[in-house]
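End of the sequence shown sits at 867 in my numbering; the numbers just go up one at a time, nothing left out.
All C-beta atoms, glycine included, are put in the ideal place defined by N, C-alpha and C.
Computed from a predicted model, the values in this text were never measured in an experiment.
Heads up: the structure comes next, in structure tokens.
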Amino acid sequence: MAKIAVEKPFDDVKQALEEKGHEVKMFESDERVSGYDFGVVRALSDVNVDQYDFPVVSIEGNSVQDIVDDVEKRLAR
């Protein structure tokens with residue numbers, strides 16, 4: 791499955807993605823991460839998406855299930 795980086799403190803998102811079989815690493819908002827297939831961040835307005843070498847989705851305004859569904863849909867493309 792995919793390697794996914796999830797911004798701290800969203801352990802519920804991490805757990806849900808792991809239950810789907812993904813390898814998940816938590817990271818701090820100011821931490822530079824690379825080498826992942828996908829990222830989940832607090833809000834797109836709070837980050838410079840160019841700092842990541844992978845696509846990202848925002849947690850803001852979404853349920854955990856919405857995030858998991860969105861990530862899996864995008865990874866399937």
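Could you tell me if Leu807 is buried or exposed, where buried requires 16 or more neighbouring beta carbons within 10 angstroms of its beta carbon?
Stepping through the sequence shown from its first residue, residue 807 is reached at position 17. That one is buried.
For the alpha helix (DSSP H) that contains Ile857, what are its first and last residues?
What you label residue 857 is simply residue 67 of the sequence shown in a count that begins at 1. Its alpha helix (DSSP H) spans residues Val854 to Leu865.
Between which two residues does the alpha helix (DSSP H) carrying Glu821 extend?
Position 31 of the sequence shown, counted from the first residue, corresponds to residue 821. That residue, Glu821, is in no alpha helix (DSSP H); it is neither H nor E in DSSP.
Return the CA-CA distance between Glu797 and Ala833, expressed in angstroms with no decimal places.
Position 7 of the sequence shown, counting from 1, holds the residue named residue 797. Position 43 of the sequence shown, counting from 1, holds the residue named residue 833. One C-alpha to the other measures close to 10 Å.
Going by DSSP, what residue range makes up the alpha helix (DSSP H) through Val806?
Along the sequence shown, one-based indexing puts residue 806 at 16. One detail in the question is off: residue 806 reads as Ala in this sequence, not Val. It spans Asp801 to Glu809 - the alpha helix (DSSP H) in which Ala806 sits, taken as one unbroken run.
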